[in-house]
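In the UniProt record's numbering, the protein residues as written are 1 to 70.
Working notes, beginning with the structure itself.
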Amino acid sequence: MMTTEDSLNNTLKPITELMVNEQPTSPLAMGAGHLNPNKALDLGLVYDANTEDYVRLLYTLNYTKKELRR
1 MMTTEDSLNN
11 TLKPITELMV
21 NEQPTSPLAM
31 GAGHLNPNKA
41 LDLGLVYDAN
51 TEDYVRLLYT
61 LNYTKKELRR
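This is the structure in structure tokens:
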């Protein structure tokens, strides 16, 4: 998931197709959008979880030790 991107260009207009009369691009043509390095400084929601936390979660969801060893 790309969280540090923009779907607008540097003039705050939608990213356009240069080859098709500057029509707005489709999400497939645009990909993740323009990279915005400044957004990377503010990560937003971050989970402070480690392996043990995830194992406990899986046990809570009724996974067995045998299933977790696969």
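Built from N, CA and C at the ideal position, the CB exists for glycine as well.
As the structure is a prediction and not an experimental result, all values here were calculated from the model.
Query                                                                                             : Result
For Thr51, the three-state DSSP class (helix, strand or coil)                                     : helix
Sequence-distant residues of its chain with Cβ nearer than 8 Å to Glu17 (five each side left out) : Gln23, Pro24, Thr25 and Ala29
Val46 versus Ala40: straight-line alpha-carbon distance, rounded                                  : 12 Å
Residue span of the alpha helix (DSSP H) that contains Leu65, given as start and end              : A small fix is needed here, since residue 65 is Lys in this sequence, not Leu. Segment Lys65 to Leu68, the alpha helix (DSSP H) holding Lys65.
Distance, Leu8 Cα to Arg56 Cα                                                                     : 41 Å
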